[in-house]
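*Asks:*
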Amino acid sequence: MSESQTENLTVLRAHAPDIEGIRREVLDGLRKPEKSLPSKLFYDERGSELFEEISELDEYYLTRTETAIFIDRIDEIASRVGSGVILIEFGSGNSQKTRILLDHILDPAGYVAIDISQEKLTDSAAAIAAAYPGLNVLPIWADYTHDFDLPALEGSRTVAFFPGSTIGNFHPHEAEAFLRRVAELVGEGGGLLIGVDIKKDARILNLAYDDARGVTAAFNLNILAHINREFGAGFRLDRFRHQATYNEEQGRIEMYLVSLEDQTVSLGETEFSFGRDERVLTEVSYKYTVDEFERLAVGGGFHVKDVWTDPNQLFSVQYLEV
Ligand code: AVI
Numbered sequence: 001m002s003e004s005q006t007e008n009l010t011v012l013r014a015h016a017p018d019i020e021g022i023r024r025e026v027l028d029g030l031r032k033p034e035k036s037l038p039s040k041l042f043y044d045e046r047g048s049e050l051f052e053e054i055s056e057l058d059e060y061y062l063t064r065t066e067t068a069i070f071i072d073r074i075d076e077i078a079s080r081v082g083s084g085v086i087l088i089e090f091g092s093g094n095s096q097k098t099r100i101l102l103d104h105i106l107d108p109a110g111y112v113a114i115d116i117s118q119e120k121l122t123d124s125a126a127a128i129a130a131a132y133p134g135l136n137v138l139p140i141w142a143d144y145t146h147d148f149d150l151p152a153l154e155g156s157r158t159v160a161f162f163p164g165s166t167i168g169n170f171h172p173h174e175a176e177a178f179l180r181r182v183a184e185l186v187g188e189g190g191g192l193l194i195g196v197d198i199k200k201d202a203r204i205l206n207l208a209y210d211d212a213r214g215v216t217a218a219f220n221l222n223i224l225a226h227i228n229r230e231f232g233a234g235f236r237l238d239r240f241r242h243q244a245t246y247n248e249e250q251g252r253i254e255m256y257l258v259s260l261e262d263q264t265v266s267l268g269e270t271e272f273s274f275g276r277d278e279r280v281l282t283e284v285s286y287k288y289t290v291d292e293f294e295r296l297a298v299g300g301g302f303h304v305k306d307v308w309t310d311p312n313q314l315f316s317v318q319y320l321e322v
């Protein structure tokens, strides 16, 4: 790992995202009989802005419900997290929730944020370092779905923080494997504070992923613009439309881009054909009952110690311990 340092902020570079590997993932996904694209490609600069907009939509209850749980239950959450801990956040810590947490936990020994976007990571880590001058802030530029090392830090224990129900964007077997790696990372007695979206009426879910203003549609289509720019592909955004549906059987939202006509799109040397109405899967977002998530957590090497929900049981914040 290399590093650069300013005052209470040290940027660690574990490894730059593997662009060639992601290009292969795109090609592999488009070669499958049921085409798919890797969801991580949503988050270029425009995609991150659109996601911010999504999180403020009336229909998208997730962000505001999770934040409300944090505000209402912060004393219990902070006392469960404990004092003197090393806090590791998966994703950039620019959210309101990170600050609520940092405002309430006692004497954190350090704050580590891990993000695939170097710009987002450095901006948000600099903001955290400025707002909490006594805090040791260590952003790590890495893809947290792959292995990476943690810097040596002294603390009472290590607690990971994974808000937003991003765990839902993994298939259950991937989620369990991810939890297992987190359990290994935080070690015996370590914890995970995680946001998990709860199963609910399909109508609420379908609206949350297909809003009236079309922000989610723009977010979904933007993946094509990102692939065009990054890999020199020739997708025409006006030849696809957004589709999001809750699959009751699988307990997940599925987001697709649907081809509006028969068409051929080039990506480097390769040409891909899309039939009219053919769908490309761009994202899954699993929803869990509290019991289902407990089974997943146990499979990943954790015990569920606390589950906090909102009065309507839309969303949960959970504390898991190794
Ligand atoms: C980041 N993730 C938790 C969001 C979700 O709800 O699955 C991504 C998203 N996709 C469409 N809207 C939001």
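Residues in the sequence shown are numbered from 1 upward in steps of one, following the working numbering. All C-beta atoms, glycine included, are put in the ideal place defined by N, C-alpha and C.
1. Closer than 6 angstroms to a non-hydrogen atom of the ligand AVI - does that hold for the CB of G164?
2. Under three-state DSSP, which class holds G299?
3. Check N312 in the structure and name its three-state DSSP category.
4. Is T264 a contact residue of the ligand AVI, with contact defined as CB to any heavy atom under 6 angstroms?
5. State the beta-bridge partners of A233 as determined by DSSP.
6. Is N247 close to the ligand AVI? I mean its beta-carbon at under 6 angstroms from any heavy atom of the ligand.
7. Looking at C-beta atoms only, is the number of pairs between the stretch 185–203 and the stretch 284–299 that lie closer than 8 angstroms three or more?
8. N220: buried (16+ other C-beta within 10 angstroms of its C-beta) or exposed?
9. Please classify G275: does DSSP put it in a helix, a strand, or coil?
10. Sorry if obvious, but does the Cβ on N169 come closer than 6 angstroms to a heavy atom of the ligand AVI?
11. Under 6 angstroms from any heavy atom of the ligand AVI, does the C-beta of I204 make it?
12. Using the DSSP secondary-structure output, state which residues sit across from S285 in a beta bridge.
13. Roughly how many whole angstroms lie between the Cα atoms of S39 and M255?
14. Cα separation between E52 and Y60?
15. Under the three-state reduction of DSSP, which class applies to K200: helix, strand or coil?
16. Could you have a look at M1 and say whether DSSP puts it in helix, strand or coil?
*Replies:* Walking through what the data contain:
1. yes
2. helix
3. Here N312 sits in coil by DSSP.
4. no
5. For A233, which the question treats as bridged, DSSP gives the partners L267.
6. N247 Cβ: outside cutoff for every heavy atom of the ligand AVI.
7. Judged by Cβ distances under 8 angstroms, the stretch 185–203 makes contact with the stretch 284–299, as three or more pairs qualify.
8. buried
9. coil
10. Result yes, Cβ under 6 angstroms from the ligand AVI.
11. no
12. Beta-bridge partners assigned by DSSP to S285: I253.
13. 10 angstroms
14. Their Cα atoms are separated by approximately 11 angstroms.
15. K200 falls in the coil class under three-state DSSP.
16. Residue confidence is low: M1 scores 48 on pLDDT, short of 50, so the model does not pin down where it sits. No coordinate-derived value is stated.
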